[in-house]
Amino acid sequence: MATHKLLLLPGDGIGVEVMAEVKRVIGWLEKVGLASFAIEEDLVGGSAYDSCGQPISEGAMKRAFEADAILLGAVGGPKWADVAYEARPEAGLLRLRKDLELFANLRPAICYPALASASSLKPEIIEGLDLLIVRELTGGVYFGKPKEIVDIADGQKRAIDTQVYESYEIERIARVAFEIARTRRNKVVSCEKHNVMKSGVLWKQVVSEVHAADYADVGLEHQLADSCGMQLVRAPKQFDVIVTDNLFGDILSDVAAMLTGSLGMLPSASLGAVEEISGKRRALYEPVHGAAPDIAGKGVANPIAMIGSLAMALRYSFNLSEAADRIEAAIAGTLAAGFRTGDIAGTGGSTVVGTSGMGDAMLAELD
Ligand code: NAI
Ligand code: MG
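Residue numbers in the sequence shown follow the working numbering, run continuously in steps of one, and reach 367 at the last position.
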């Protein structure tokens with residue numbers, strides 16, 4: 001069995017606490033022979049700043065480039081509120097995303113049956129939901145130039161953001177979406193607004209070309225982004241994979257994620273390009289939540305988002321879908337058995353546990 005190089009960056013606050021539970025799950029995977037890892041660990045965020053004056057050291061960056069995948073907990077906290085902007089904890093995470101060119105942000109929205117009643121939508125709309133948003137993360141209106149506020153006549157000002165997409169950026173995110181769809185239910189919905197935006201015209205055209213050339217076996221539908229927002233709330237189970245740009249993806253992925261539950265439940269992946277020589281794809285997996293200073297140190301954080309992020313790493317970086325399935329089944333089983341951390345305590349469970357108690361329940365379920 002191949003040994004995979006995994007870099008753990010626990011970070012700050014509850015990042016450290018939820019990473020401790022992931023380490024136990026990794027230990028279990030190795031024990032039963034489902035996976036084999038060479039593990040390194042380093043600092044990121046405030047903890048790195050305290051150690052070396054930077055939110056990520058050059059040594060940690062080198063390790064990040066060498067790793068097959070990175071698991072990151074969370075960064076930040078009030079302790080570093082007065083640190084210079086460039087050295088603030090969040091800058092460490094942003095540098096990782098930017099330097100590794102992690103252009104594809106994957107946010108799954110899975111409805112665990114035991115939490116169906118926790119959604120703001122009716123259980124029958126949400127039960128069985130399993131969709132994935134693939135959001136372009138390094139281009140579009142958040143980065144396009146010019147980006148400025150300028151003075152114009154009569155004391156008026158003009159603000160400008162520029163939506164820029166080049167065809168290679170659309171092509172590579174489309175490929176990620178089609179590849180992943182093949183491992184799921186083989187259906188992609190591409191979202192843009194070609195009716196009012198030139199970038200939408202190019203988006204639709206490039207996605208269609210990539211589809212025709214290399215992915216004709218995958219189902220493809222184009223939806224206008226506003227209509228897609230409506231459909232996500234009206235009938236979310238129609239979706240398998242949604243691929244969209246940075247801005248629409250920011251909005252649609254928050255909508256989709258919150259259909260299903262708490263911040264403490266939501267994993268994510270950020271993927272880079274497949275390197276030509278090694279065939280390796282850079283990838284960072286992290287929970288959607290932050291360092292949660294309000295509960296840090298109390299041992300009550302929900303580790304499921306972090307553990308779900310490990311499952312995504314197994315699936316997307318290591319092609320270990322059996323191991324990923326086992327972890328996701330254990331999450332569902334633990335919830336079905338009634339175990340709840342504080343953030344999901346009001347959702348029909350019977351046993352409120354802390355972070356390590358949830359880890360215990362997960363390991364028992366895995367066994
Ligand atoms: P947050 O996600 O840390 O917390 C928001 C709320 O959700 C808090 O009440 C927290 O207790 C709760 N929460 C979050 N994760 C939870 C979990 N696993 N289990 C139970 N409850 C959970 O966001 P906030 O408070 O806005 O930011 C706190 C710090 O984290 C800031 O310094 C911020 O910059 C940083 N941050 C870092 C992120 C990252 O590392 N990717 C993402 C978001 C925020
Ligand atoms: Mg957002």
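Glycine residues also receive a C-beta, built at the ideal position from the N, C-alpha and C atoms.
Positions of the alpha helix (DSSP H) runs, each at least 4 residues long and wholly inside the region 17 to 64, are given as 46 to 52 in order along the chain. A check of alpha carbon separations from Ile180 across Arg135, Glu86, Ala329, Met197 identifies Arg135 as the nearest. Residues Gly272, Arg282 of the same chain have their beta carbon placed closer than 6 angstroms to that of Leu100, with the five preceding and five following residues left out of the count. If you compare the alpha carbons of Glu21, Ala91, Asp12, Glu66 with that of Ala361, the shortest gap goes to Glu21. Inclusion of Ala305 in the 7 angstroms shell around the ligand NAI follows from its C-beta lying nearer than that to a non-hydrogen atom of the ligand. In the DSSP assignment, Cys111 falls outside any alpha helix (DSSP H), carrying neither H nor E. Rounded to the nearest whole angstrom, the CA to CA distance from Gln54 to Ala87 is 6 angstroms. Taking 7 angstroms as the cut-off, the C-beta of Asn302 counts as close to a heavy atom of the ligand NAI. According to the DSSP assignment, Ile251 belongs to the alpha helix (DSSP H) that extends over 246 to 258. Here Arg340 is near Thr351, since their CB atoms are less than 8 angstroms apart. Within the same chain, and ignoring the five residues on either side of Ala118 in sequence, the residues whose Cβ sits closer than 6 angstroms to its Cβ are Gly261, Thr347. Around the Cβ of Thr334, a 10 Å sphere holds 16 or more other Cβ atoms; the residue is buried.
Secondary-structure assignment with DSSP links Ala104 through a beta bridge to Glu136, Leu271. Counting other Cβ atoms within 10 Å of its Cβ, Gly11 reaches 16 or more and is therefore classed as buried. The C-alpha of Ala104 lies about 43 angstroms from the C-alpha of Asp154. Following the DSSP letters along the chain, one finds Thr355 inside the alpha helix (DSSP H) bounded by residues 355 to 366. Look at Thr341: its beta carbon is less than 7 angstroms from one of the heavy atoms in the ligand NAI. Taken atom to atom, the span from the alpha-carbon of Ser36 to that of Leu96 is near 25 angstroms.
Within the same chain, Gly11, Asp12, Gly13, Ile14, Gly15, Ala74, Val75, Gly76, Gly77 come within 7 angstroms of Ala291 by CB-CB distance, once the 5 residues on both sides are set aside. Look at Ala174 here: in three-state DSSP terms it is helix.
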